[in-house]
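Here's the structure we're looking at; comments come further down.
In this note's numbering, the protein residues as written are 37 to 556.
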């Protein structure tokens with residue numbers, strides 16, 4: 037009701053934009069998390085990065101760094117920082133200085149340095165930083181002066197600049213961190229975020245609403261609306277009802293079954309774009325019998341993926357055979373998918389000595405672009421696996437707990453998850469989701485394959501895209517042979533807005549970004 041009242045009051049003046057989001061953020065310090073739901077509520081409105089993606093593209097542009105240089109050997113990256121950038125204020129903190137090099141170094145040091153006072157704050161799970169092998173990559177960081185920072189690397193890293201535009205690289209205030217540490221409340225960095233971004237965080241009521249106001253001191257082009265409200269609405273049908281009733285302006289992830297009706301509804305606009313994503317089922321490859329590739333391949337052969345596409349995606353998805361989407365460079369057309377063959381699956385399980393297998397399938401409690409209905413998908417898999425003698429129990433948890441529990445290397449069963457690309461580089465899928473450094477974090481299959489890891493790491497250190505493509509094709513072949521996941525689908529992303537919304541762009545990297553959005 038509060039969100040609806042705010043909308044009706046604000047909309048009359050075209051001041052408040054209300055977004056019906058699909059779930060609650062896990063927190064507001066994006067470096068601690070990997071969920072797009074969290075990034076939408078934190079890194080996009082509140083923070084900036086050194087370089088940023090131009091909305092609607094995977095092209096980088098200057099952010100908090102006005103320019104940068106990479107040395108010829110690829111081992112030194114120098115960022116020249118923007119001057120005069122102001123941090124936000126809140127009831128606990130008012131900055132006494134502008135953004136500078138100390139903030140950049142603190143942002144990354146806390147993630148990689150166990151001695152940093154913030155390294156273990158709010159759980160200290162720096163999934164991206166660890167999963168991307170950043171501790172091994174960054175040799176040191178050097179403050180040349182207040183507005184020049186040099187990253188010294190242990191090896192060249194082809195996607196380094198694009199990585200610096202990712203959500204985990206959002207720049208936080210060292211001065212705020214120091215003040216909260218002195219006050220004995222370091223967790224405030226995650227609960228009451230202070231950034232340099234286009235919106236200032238105001239308040240959060242879990243599972244209900246997040247409120248922001250425009251940052252009138254923003255260094256870039258100011259936001260088009262005076263206030264931004266996230267009305268947290270997990271049910272897609274309810275989101276649509278709210279949109280039709282004028283209680284929100286933009287809604288995430290409509291039900292696939294509703295798309296056609298929405299397209300003929302004059303009161304809404306339907307935007308769509310091929311998603312840079314993959315939905316998958318990740319086995320725990322460290323727990324028997326899922327530690328055997330032949331067992332994983334047998335289960336993959338038991339899944340009727342076409343039925344999932346028909347029932348769950350209803351025309352808005354395509355079967356996935358690789359761990360990267362077909363719109364991404366280096367995608368391997370040569371990959372042959374596991375055939376749907378229950379009889380062969382049954383025989384493979386028997387040959388592997390597996391009988392009377394019981395397992396859990398984890399179903400996400402929220403809609404994501406790569407999985408519009410995880411519970412229904414899990415039910416279809418439950419039925420498929422029953423046909424080959426495997427008994428499945430479906431489990432779920434609140435979204436933040438789901439993501440946290442699923443990282444456990446001793447986790448039971450297989451987890452439904454997925455990924456939308458962060459930077460347009462294959463490394464962001466293959467290394468982050470499947471590399472050895474990401475086990476216990478973003479690698480939910482807990483899969484460490486030395487051959488795969490070697491190839492993916494080799495691809496990081498060359499800037500030759502043709503050479504990188506060959507290596508990533510080799511990595512995809514190893515992945516398919518070893519089957520740590522069942523690859524399920526790549527989807528089209530649909531976003532729905534009211535007619536008065538002006539300037540909303542479907543972002544290929546999955547984020548919902550509102551600083552360029554106005555109301556007519």
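The beta-carbon is built from N, C-alpha and C at its ideal position, and this holds for glycine as well. Computed from a prediction, not measured in an experiment: that's the story for all the values here.
So, for residue i: in the same chain, excluding its five sequence neighbours on each side, which residues have a beta-carbon less than 6 Å away from its beta-carbon?
| i | result |
| --- | --- |
| residue 247 | 238, 239 and 265 |
| residue 111 | 189 |
| residue 63 | 226 |
| residue 353 | 345, 525 and 527 |
| residue 40 | Below a pLDDT of 50, predicted positions are generally treated as unreliable, and residue 40, at 43, falls in that range; no measurement from the model is reported. |
Residue j and residue i - do their beta-carbons sit closer together than 9 Å?
| i | j | result |
| --- | --- | --- |
| residue 457 | residue 545 | yes |
| residue 370 | residue 513 | yes |
| residue 552 | residue 263 | no |
| residue 343 | residue 450 | no |
| residue 402 | residue 258 | no |
| residue 224 | residue 128 | yes |
| residue 427 | residue 393 | yes |
| residue 268 | residue 210 | no |
| residue 67 | residue 119 | no |
| residue 206 | residue 130 | no |
| residue 430 | residue 380 | no |
| residue 184 | residue 123 | no |
| residue 32 | residue 348 | Nothing about residue 32 can be read from this structure; the chain reaches only from 37 to 556. |
| residue 204 | residue 173 | no |
| residue 168 | residue 468 | yes |
| residue 439 | residue 359 | no |
| residue 181 | residue 137 | yes |
| residue 442 | residue 410 | no |
| residue 530 | residue 261 | no |
| residue 139 | residue 208 | yes |
| residue 519 | residue 332 | yes |
So, is residue i buried or exposed, given that buried needs 16 or more other C-beta atoms within 10 angstroms?
| i | result |
| --- | --- |
| residue 133 | exposed |
| residue 43 | With a pLDDT of 46 at residue 43, under the threshold of 50, the predicted position of this residue should be treated as unreliable, and no value is reported. |
| residue 321 | buried |
| residue 228 | buried |
| residue 218 | exposed |
| residue 272 | buried |
| residue 561 | Because residue 561 is not part of the residues shown, which for the chain are 37 to 556, the question remains open. |
| residue 482 | buried |
| residue 558 | The displayed coordinates of the chain run from 37 to 556. Any statement about residue 558 would go beyond what the structure contains. |
| residue 278 | buried |
| residue 311 | buried |
Of all the options the options, which has the alpha carbon lying nearest to the alpha carbon of residue i?
| i | options | result |
| --- | --- | --- |
| residue 1 | 126, 471, 320 and 288 | In this structure the chain extends from 37 to 556, so residue 1 is not present and cannot be described. |
| residue 103 | 220, 200 and 398 | 200 |
| residue 464 | 187, 53 and 70 | 70 |
| residue 80 | 554, 556, 548 and 555 | 548 |
| residue 216 | 242, 501, 384 and 157 | 157 |
| residue 93 | 423, 363 and 139 | 363 |
| residue 477 | 535, 162, 397 and 184 | 162 |
| residue 280 | 534, 555 and 542 | 534 |
| residue 511 | 282, 204, 489 and 497 | 489 |
| residue 486 | 501, 480 and 515 | 515 |
| residue 308 | 528, 433 and 55 | 528 |
| residue 373 | 366, 387, 361 and 357 | 357 |
| residue 82 | 98, 89 and 65 | 65 |
| residue 378 | 387, 505, 359 and 422 | 422 |
| residue 389 | 213, 335, 325 and 244 | 325 |
| residue 459 | 55, 96 and 72 | 96 |
If we ignore side chains and look at the alpha-carbon of each, how far apart do residue i and residue j end up?
| i | j | result |
| --- | --- | --- |
| residue 87 | residue 135 | 15 Å |
| residue 470 | residue 508 | 12 Å |
| residue 391 | residue 376 | 20 Å |
| residue 165 | residue 297 | 42 Å |
| residue 230 | residue 154 | 15 Å |
| residue 233 | residue 340 | 45 Å |
| residue 187 | residue 461 | 21 Å |
| residue 368 | residue 76 | 31 Å |
| residue 178 | residue 192 | 17 Å |
| residue 249 | residue 416 | 44 Å |
| residue 57 | residue 275 | 8 Å |
| residue 396 | residue 53 | 41 Å |
| residue 412 | residue 541 | 29 Å |
| residue 222 | residue 236 | 19 Å |
| residue 125 | residue 78 | 16 Å |
| residue 73 | residue 437 | 14 Å |
What residues in its chain sit with their C-beta under 7 Å from that of residue i, if we drop five residues either side in the sequence?
| i | result |
| --- | --- |
| residue 454 | 313, 314, 315, 316, 404, 406 and 407 |
| residue 121 | 100, 134, 135, 232 and 255 |
| residue 543 | 91, 92 and 549 |
Just to confirm my understanding: we take residue i, look at its own chain, exclude 5 residues before and 5 after, and list those with CB closer than 8 Å. What are they?
| i | result |
| --- | --- |
| residue 517 | 329 |
| residue 425 | 382, 385, 391, 392 and 393 |
| residue 504 | 194, 366, 462, 495 and 498 |
Please confirm whether residue i has its beta-carbon closer than 9 Å to some beta-carbon of chain D.
| i | result |
| --- | --- |
| residue 191 | Reference to chain D is not applicable here, since this structure consists of a single protein chain. |
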